[in-house]
Amino acid sequence: DILSVTFRDAGVYECQVSNSPKVSLPIRLIVLGVQEADIIGPREVYIQHGSTISLHCEVQAGVEVAGAVLWLKGSSTLNYSSPRGGISMEVEKTPTKTMSKLYITRAVKTDSGNYTCAPVYALPDSVKPTRVTCSVPSPRESPALYPAHVSHLLCTQPTPSPPA
């Protein structure tokens with residue numbers, strides 16, 4: 001048993017059975033840090049048809065740099081080679097956090113849904129995924145926008161329900 005595990009405990013350990021011939025098995029211990037992911041900005045985002053969806057996620061890694069960050073729409077992982085196309089990601093890393101940015105160009109109604117960012121090396125229960133609903137009205141449902149006119153986009157964040 002290893003008690004009070006720290007990042008310094010990571011490495012290769014060897015299990016041995018004391019018989020003849022000696023049997024041993026090397027085991028690699030990977031220590032995962034508690035990483036929390038948070039999408040920056042409102043939880044409900046309304047995007048105009050044809051515009052770019054832009055989501056920013058910050059992952060606090062504690063004492064170690066966070067690993068890769070996945071973006072999901074529902075339960076499907078988003079990636080560059082998606083048949084939809086127009087998906088790009090940027091990553092900025094510092095010693096204690098990672099900022100991941102997701103861009104989806106030429107938004108259409110089928111891009112509406114729940115988006116989640118999740119670090120790949122975090123313990124499943126330690127990451128609190130933040131979901132963003134992107135509602136993309138079709139062109140017929142969208143108000144007309146004209147050059148040289150002022151338009152306002154209202155983004156709201158729902159208030160949490162009081163505990164029961």
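In this text, residue positions in the sequence shown follow the UniProt record's numbering: the first is 1, and each later residue adds one.
In this text, a Cβ means the ideal position worked out from N, Cα and C, and glycines have one as well.
In this text the structure is predicted, and so the values were computed from the model without any measurement.
Check	Outcome
Backbone CA spacing between residue 20 and residue 10 [nearest angstrom]	30 Å
Identity of the residues DSSP links to residue 69 by a beta bridge	119
Check whether residue 89 and residue 72 have beta carbons under 9 Å apart	no
Straight-line gap, residue 59 to residue 39 (C-alpha atoms, nearest Å)	9 Å
Three-state class that DSSP yields for residue 1 in the structure shown	coil
Selection from 113, 57, 27, 13 that minimises the alpha carbon distance to residue 76	113
Distance between residue 3 and residue 56 (C-alpha atoms, nearest Å)	36 Å
Candidates 80, 104, 82, 74, of which the one nearest residue 118 by Cα	74
Close Cβ partners of residue 22 (< 7 Å) along its chain, the five nearest in sequence each way excluded	16
For residue 109, the residue or residues it bridges with in DSSP	BP columns for residue 109 are empty, so no partner.
Pick from 52, 18, 115 that is closest to residue 69, judged by C-alpha positions	115
C-alpha gap between residue 26 and residue 107, whole angstroms	50 Å
Contact belief for residue 52 with residue 105 at Cβ below 8 Å, rounded distance in angstroms	5 Å
Cβ pair residue 81, residue 91 closer than 9 Å	no
Residue 97 beta carbon less than 9 Å from that of residue 49	no
For residue 12 and residue 28, believed in contact at Cβ under 8 Å, the rounded distance	5 Å
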